[in-house]
Every structure is written in C-alpha cells, then in structure tokens.
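Residue numbers (this note's numbering): -12 to 748. Here is the structure we will look at, set down as structure tokens.
Structure, rendered in structure tokens:
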C-alpha cells in the first residue's frame, strides 16, 4: 500500500527510503519440475553415458523393464478402472499401462529416443478417449494417487521437453486427469480421516505434483500444509514419531511403512526441486522415520510404543510387526541422496540397507530406479583449475591489460602495489589454532592472495615465494580444528580466503607438490569442519538467528575448498545451501522480500538492510564471491531464481546512494523488529570494494541492467582492498576498458564560513 500523506513523505525523505509495503512476489514453478529438472535430467543422462557403476546398473533394469519398451502393447484402455469391487479385474492391467506411460516418458528423458515419447503419449491418449470414471470404492484414493502420479510425471516431462507432443492429445490427457483423477484426491482431503497413513502420503504426492504441473500455487500450499500438519495419519506430524522415528503403521507390517515413507520422500523431493525444503521439516523427522524402518528391517531391535492414531481405528498394535521384515521396497535412495549426499547427515542404517539393495529397481507404487534417478553422489565432476575466484583467462587478462596500460586495470594495479599486504617482505604469523585470531589469519590469507596476483601479473618470483611461504607456514603449523573465543562462524572468512588464495597460487611452479598436498590436507581435515558444522548447527542457536554474512562466508569456504581440493561433495554442499539452506545465507533468505517498483523493475530487500549498511554490503560481497566461484566452474548461480542476487545487490546499492527503497517489516529469533532500512553506515563505501564483480558480471558480461551497482563501481573505481574482501576488482573483474577518471574531481569549495553556536563550531 503506498504512503500518500505529505508527512510520511517527508519522513521517508529524511530516512532516505520509501516506507511502502509492496507486495512480496511469489516464485514461479520450475518446469520441468516434477521430481526432475532439466539440470538433473542432464546429470542422469551423463551417468548413463559414462556407464557409472551402480547408477548404470539401475538404468539397465529400467531399460529392460517390460513396461519401459517403446513397443509396449496396451492391455486397456477401460472406460472404468478400479482396484477393488466390480471392476477389480482392471487393476493389474491398468497399472501396467500407466507404468508404461511413466517409464516410457522417463526413457525419453534419458535417451532422447522419440519412440518412447510417442508410446507414452499414445497410451495417455487412448485412456483419455475412453476412460469415464473411477468408482467411489474403498481403494479409489489409492488408485488416483498411485496411477495419477505416473500420469502427471509423464505430462510434465512431455510437455516441457518434447516439442512434437500433439496439442490435442496433451489437452485430452490433462482433462482426463483433472476431471477423473483429481476429484478423487479432493474427496479424500474433504473427508474425515479414516485410513492408515500411507493413503494420505500417496494422495499428497500426486496432489503436489499436479499443483506444480498446473502452476496452481493454492493447490501446492494445500498439499504442503496437509503433508506437515494435516489431520490425518498420513502427515509428517502424525505418521512419524519425532523422538524415535516409529511409524504409525509399524505395528501393522513393514511393507506399508516403506510405502508411506517412500511417498513422503517423493513429496519432499517434489518440493525440493521447487526450492522448498520439506526434508528438514520438524527437525529432519523423515530421516528418523527412515532410520527406524531400516534399523528394524536389518534385524536390530527398535523401541515401540502403542500408537494412538488419528482415526482411533488402528490403536491395538502392541509390538512392532515382523510381517515382511527384511523385504525392502525401492524407496531408500531418494532419502539417502538428500540427507547424505546433499546435506552430509549420517544415515548409517539406511546405508546398510542400500548396500544390500543396490541397484534399485522398479516398484509400481514408487518412482523406483533410485540408484539412477536419485544418486547425486555418483555425479562425476571435473573442476576447472585455476577456478576459484579467478580462472587462467582472468589472470591472463589482468596481465595483458596492465602491460598495455589500459584503464581501469592500470589504476587498480597501482593501488594494489601500495597495499602493505601485497609486499614480498610480508612475514606470516601462523597459529596452531586459527581461532585465536581470525583477523591475523585473514591478514595472512590476504597477503598470500595479493602476492600471488602480483607474481602472475608482474612475473616477479619474489612475490610467488612470499605467497608460497605464507601458505606453507600455515599448513605446517595448523594441527587442530579451530575454536574461536567468540564468533566461531566468522572463521569462515579466513578459511575461504586461504582456499581462494591457494587456488590462484596452484599454477605457480615454485609451490612444491608435497607442500601443496599438505595445504589441501589442512583445508579438508582442520578447516572444512568449521564451516560444515556452522552451517549445520549455527552454534546450537536458532537457524534464523545468524546474519546473512555469517552463513555466506562459510558458504564461500565450502565451494572454495571443494574446488581447491577436487571435492565435489564439499562443493555441492555449498551449492545446495545457496539454493535450499535453512539459514540466512541461502539466497531466498538473504533476499527475503521482492518489491515491484512503479517503473516495473524489481528490488530485493537484503536481510541485513535493517541492521546497518556495512554488513548489508558485506553480505552482497560474500554471496557475489560465492557465485563467481560457481560461475568459474560452470554453475550460473548469479542467474538463480531470476537473478535474485542482482535484485538484492541493486537494493543495497540504491539505498547507499541515498535513494528511496521500499521496506517490509522484518523480524527473526533475535527479535530485530526492523521497520525501515537502517541509516547506520549509510553511504560508507571505503571498506566494501565489492561492486566491480557485480556490475561486470551482470551488465558488462550479460547485458542485464544494473544501474545502481554500476554507479557504486564508478564511485569506488579504482577499487582498493579491505580487511574483509580481497578488493581491487577494477583489476581482477573488469571486462572492458573504461574512461578514466570516470568522474571529474569536484573543485575545492570556497567562500565557506563558520558561525559559533552553543559554544562550538
């Protein structure tokens, strides 16, 4: 709502902001995005092409499955389908037909063979022409959930990846789903709870998948709310015990427990691919459920209490059931992939199950083939070196432009040479415990980086020897995981800086291999655990308590260490946190509110904008550095979520140019109660040389307007160094020449006079 009174307008001018409550923009759904995005499907195809061990073995099971054949012979269609009652004879036949729809769509996505796409569309079209109803029998919700999911998956993949999908066939198949299947799901939600929990989980996975395909945010939120806390046995709150992981159906049999948690994992994966983390809900409760089921089915004892369920019908089980014990469904890879491969959490019993089960095959009631479809740990990655903050091409550009005297490289080079930390005489001060003084450690890391840059640009080996000496001194001294007296999270700053400095220095022939290997060992053994632990636990505090910059410096550490040490798992941990992390460093939390301006542009309110401006710019610099490292490895996180980093940077830059910005009330577990953008530190630019990186990437490289970031770069050019940023971006990030000096130096004011007032001048 716009503020229109003159009084408020005057207040806004005084604050340097526009106090308006602009609407928060909702995210668009990602397509394809039902379980697999284009990016993930590309990774799956790579696993198949490279014949990656277990993943390829899982693919072979898919390839050979009778329902995955392009010449599959339909057993239907039927005008009425049912799992029970008068039309139960259609059950197995229509299940195989809809499996063919799903599996052929999947084969199309992996192989690119259009015969599979045509087969999937053919079966869909045949049923769309004939099917009239699903009778309201006892099992109707299960049918609509289990088979409906296969339909939606195929529709999503075919619509968004197969250009030859006949439009009429698509519309007919979609109409079949929305008119025949979807009403059954809605009816289940509308009724009082009456079933065991696996029913609700199955209904919800299909309802959420449909919401994504239909771009229906209300449907999505309905499914999400039901999954978390709905009044039904099939919700996270009522299906899994938060302490032990016991399942509502543990006293019934083991098959239905696996069916239920498998469907829950599917719900979480659907949400995850849309940038919504349900896996971590209620303190990773789904993980506890998986470990409970895995532990019991491996033959271990588990605690059991008599369960009082929502319906009151399933309360007479006195002990955990041994029915189907040890008979595993193919539902374990999907959860293990998230909690272990993505998040680095332990799942020891699930791991043991998978050691027996791999490669996962197909279960008609689950996505199946998890060793292929949900196995990001198998994704091979070859890192670009050097490829931290700078690539070899970047270093060569700096060297060439300085030699040619080009602007602004030459001016920034002059500034760098004046820096006390950029001198070849610099002496390191290593500590066994880096936490004794993160500031001293950071100074040494800066010196290593700046000397490495001076060596590469000038060719003077004295600077290379200095940088090598600094890195060797630290790797010879550090012998423990650092512990700080306070602000443990800010250790991410020197840790990330050392990793980035070493990545530049790795091309130096003076750095002996054994010394380089020892340095990498230090990074992984002693320093990585600091950043990993902080992002997992935030020092035992609430996840939203810490500022964006605290998370962000540790995120930079993860990707920088991952690149330096060729550790895809560590690198991926950082990438996933940027996209989906719970703390304020993830991009959706760093830029929590988007504001549409009157001219149609979007500004992104920064999480620390209500705190002060120096920390807001600090966070912009850290996340910009994070995205630059990812960019150098082929991952464009600058563009993630519709350039969310850019709209956040533009917001901060605009405010620090004394221009009005909108603001939405912000609070967290610190009790901030921020009601307007802070003027503390407003316009202080001397310690935040971060804007050349932002401006050059978006506007120069990509041609995306970044007017406020551009102005900040101009105001600071040539960028200097600082204690929290390497700086000198006019040298290291400039991509094209510029007139210099860009801004004329104003004349010295004359004719000023002072007047004595209250005894002071």
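Where a beta carbon is used, it is the ideal one built from N, C-alpha and C, also for glycine.
Q) What residue does the beta strand (DSSP E) around residue 582 start on, and which one ends it? A) If you number the chain shown from 1, residue 582 lands on position 595. Bounds of the beta strand (DSSP E) holding residue 582 are 580 to 583.
Q) Helix or strand or just coil, what does DSSP make of residue 735? A) Along the chain shown, read from residue 1 onward, the residue named residue 735 stands at position 748. Note: residue 735 maps to coil in three-state DSSP.
Q: Could you name the residues of the same chain whose beta carbon sits closer than 8 Å to that of residue 429, not counting the 5 residues immediately before and after it, in chain order?
A: By one-based count along the chain shown, residue 429 stands at place 442. Within the same chain, residue 429 has close Cβ partners 480, 481, 484, 710 and 711.
(Q) So, at 6 Å on beta carbons, what are the nonlocal neighbours of residue 545 in its own chain, with the 5 sequence-adjacent residues on each side left out? (A) The residue you call residue 545 lines up with position 558 of the chain shown. Excluding residues within five positions, the ones whose Cβ falls inside 6 Å are 518, 557, 560 and 561.
Q: Go through its chain and collect everything with a Cβ distance to residue 133's Cβ below 7 Å, but skip five positions before and after it.
A: As a first step, residue 133 is located in the chain shown; it is residue number 146 there, counting from the start. Cβ neighbours of residue 133 beyond the five flanking positions: 189 and 352.
Q | residue 508 to residue 329 span [Cα, whole Å] | A | Numbered from 1 along the chain shown, position 521 holds the residue referred to as residue 508. Numbered from 1 along the chain shown, position 342 holds the residue referred to as residue 329. When rounded, the distance between both Cα atoms is 22 Å.
Q) Would the beta-carbon of residue 324 fall within 7 Å of that of residue 284? A) As a position in the chain shown, residue 324 is number 337, starting the count at 1. As a position in the chain shown, residue 284 is number 297, starting the count at 1. No, the Cβ-Cβ distance between residue 324 and residue 284 is not below 7 Å.
Q) Run through DSSP, which three-state label would residue 740 get? A) The sequence position of residue 740 within the chain shown is 753, counting from 1. Reduced to three states, the DSSP call for residue 740 is coil.
Q. Mind checking whether residue 597 and residue 653 have CB atoms under 7 Å apart?
A. Within the chain shown, numbered from 1, the residue matching residue 597 stands at position 610. Within the chain shown, numbered from 1, the residue matching residue 653 stands at position 666. Their beta carbons are under 7 Å apart, which means residue 597 touches residue 653 by this criterion.
Q) In three-state terms, what does DSSP make of residue 592? A) Here residue 592 refers to the residue found at position 605 of the chain shown. Here residue 592 sits in strand by DSSP.
Q.
Check this for me: beta carbons of residue 572 and residue 538, under 7 Å apart or not?
A. Counted from its first residue, the chain shown places residue 572 at position 585. Counted from its first residue, the chain shown places residue 538 at position 551. For residue 572 and residue 538, yes; Cβs fall inside 7 Å.
**Q.** Any 3 or more C-beta pairs closer than 8 Å across the stretch 270 to 279 and the stretch 195 to 202
**A.** no
Q. Using 8 Å as the threshold, is the stretch 84 to 92 in touch with the stretch 132 to 146, meaning 3 or more CB pairs across them?
A. yes
Q) Does the Cβ-Cβ distance between residue 184 and residue 99 come in under 7 Å? A) Walking along the chain shown from the start, residue 184 turns up at place 197. Walking along the chain shown from the start, residue 99 turns up at place 112. Taking 7 Å as the Cβ cut-off, residue 184 and residue 99 do not qualify as a contacting pair.
Q. Mind checking whether residue 206 and residue 254 have CB atoms under 7 Å apart?
A. Here the question's residue 206 lines up with position 219 in the chain shown. Here the question's residue 254 lines up with position 267 in the chain shown. Result no, Cβ atoms of residue 206 and residue 254 do not sit closer than 7 Å.
(Q) When you compare the CB positions of residue 551 and residue 490, do they come within less than 7 Å of one another, or not? (A) Counting from one through the chain shown, the residue named residue 551 turns up at place 564. Counting from one through the chain shown, the residue named residue 490 turns up at place 503. Yes, the pair counts as a contact, with Cβ atoms nearer than the cut-off.
Q) How many whole angstroms separate the CB atoms of residue 628 and residue 229, which I take to be in contact at a CB cut-off of 8 Å? A) The residue given as residue 628 occupies position 641 in the chain shown. The residue given as residue 229 occupies position 242 in the chain shown. No, residue 628 and residue 229 are not in contact; Cβ-Cβ is about 31 Å, not under 8 Å.
Q) How should residue 10 be labelled, buried or exposed, when 16 other C-beta atoms within 10 angstroms of its C-beta is the threshold for buried? A) One-based indexing of the chain shown puts residue 10 at position 23. For residue 10, the pLDDT reaches just 30, beneath the cut-off of 50, and the residue's location in the model is therefore unreliable, although a value from the coordinates is still provided. It is exposed - the Cβ of residue 10 has fewer than 16 other Cβ atoms within 10 Å.
Q: Could you check if residue 660 is buried or exposed, using at least 16 other CB atoms within 10 Å of its CB as the buried criterion?
A: Here residue 660 is taken as the residue at index 673 of the chain shown, counted from 1. Burial call: exposed.
**Q.** Where the alpha helix (DSSP H) through residue 516 begins and ends
**A.** Here residue 516 refers to the residue found at position 529 of the chain shown. For residue 516, the uninterrupted alpha helix (DSSP H) run begins and ends at 515 to 524, by DSSP.
Q | Run of the alpha helix (DSSP H) containing residue 242, from where it starts to where it stops | A | Here the question's residue 242 lines up with position 255 in the chain shown. 241 to 260 is the span of the alpha helix (DSSP H), which, as asked, contains residue 242.
Q) Thinking just about the alpha-carbon of each residue, which of 434, 104 and 734 is nearest to the one in residue 413? A) Translated into the one-based positions of the chain shown, residue 413 becomes position 426. Considering only alpha carbons, the answer is 434.
Q) Is residue 250 near residue 192, with beta carbons less than 7 Å apart? A) If you number the chain shown from 1, residue 250 lands on position 263. If you number the chain shown from 1, residue 192 lands on position 205. Their beta carbons are under 7 Å apart, which means residue 250 touches residue 192 by this criterion.
Q. Ends of the alpha helix (DSSP H) at residue 145?
A. The residue you call residue 145 lines up with position 158 of the chain shown. Element bounds for residue 145: 127 to 148.
Q: Can you have a look at residue 13 and say buried or exposed, based on whether 16 or more other CB atoms are within 10 angstroms of its CB?
A: Locating residue 13 in the chain shown gives position 26, counting from the first residue. No answer about residue 13 holds up, because its pLDDT of 40 lies below 50 and its placement is not dependable.
Q: Could you check how far apart the C-beta atoms of residue 122 and residue 67 are, in whole angstroms? I think they sit under 8 Å.
A: Taking the chain shown and counting its residues from 1, the one referred to as residue 122 is at position 135. Taking the chain shown and counting its residues from 1, the one referred to as residue 67 is at position 80. Their Cβ separation, rounded to whole angstroms, is 7 Å, which keeps residue 122 and residue 67 in contact under 8 Å.
Q.
Less than 7 Å between the C-beta atoms of residue 322 and residue 252, yes or no?
A. In the chain shown, residue 322 corresponds to position 335, counting from 1. In the chain shown, residue 252 corresponds to position 265, counting from 1. A contact, by the Cβ cut-off of 7 Å.
Q: Evaluate residue 218 with the Cβ neighbour count: other Cβ atoms within 10 Å of its Cβ, from every protein chain shown; 16 or more gives buried, anything less gives exposed.
A: Locating residue 218 in the chain shown gives position 231, counting from the first residue. That one is exposed.
Q | Contact belief for residue 675 with residue 608 at Cβ below 8 Å, rounded distance in angstroms | A | Along the chain shown, read from residue 1 onward, the residue named residue 675 stands at position 688. Along the chain shown, read from residue 1 onward, the residue named residue 608 stands at position 621. Going by Cβ atoms, the distance from residue 675 to residue 608 rounds to 6 Å, so yes, they are a contact pair.
Q: Consider the Cβ of residue 99: report whether some Cβ of chain B lies at a distance smaller than 7 Å.
A: Within the model displayed, chain B is absent; a lone protein chain is all it includes.
Q) What separation, rounded to the nearest whole angstrom, lies between the Cα atoms of residue 292 and residue 55? A) As a first step, residue 292 must be located in the chain shown, where it is residue number 305. As a first step, residue 55 must be located in the chain shown, where it is residue number 68. Cα to Cα, residue 292 sits roughly 43 Å from residue 55.
Q) Where residue 738 and residue 540 are concerned, what is the direct C-alpha to C-alpha distance, given to the nearest angstrom? A) Numbered from its first residue, the chain shown carries residue 738 at position 751. Numbered from its first residue, the chain shown carries residue 540 at position 553. Answer to the nearest angstrom: the Cα atoms are 48 Å apart.
Q) In three-state DSSP terms, what is residue 272? A) The sequence position of residue 272 within the chain shown is 285, counting from 1. Three-state DSSP puts residue 272 in a helix.
Q.
Among the candidates 705, 504 and 317, whose CA atom is the shortest distance from the CA of residue 725?
A. Looking up residue 725 in the chain shown gives position 738. The alpha carbon of residue 725 has as its nearest neighbour, out of 705, 504 and 317, the alpha carbon of 705.
(Q) Assuming residue 31 and residue 359 are in contact, meaning their beta carbons sit under 8 Å apart, how far apart are those beta carbons, in whole angstroms? (A) Working through the chain shown from its first residue, we reach residue 31 at position 44. Working through the chain shown from its first residue, we reach residue 359 at position 372. Rounded, the Cβ-Cβ distance is 6 Å, consistent with contact.
(Q) What does the Cβ neighbour count give for residue 588, buried or exposed, with the cut at 16 atoms within 10 Å? (A) For the purposes of this step, residue 588 is taken as residue 601 along the chain shown, with counting starting at 1. Flag for residue 588 reads exposed.
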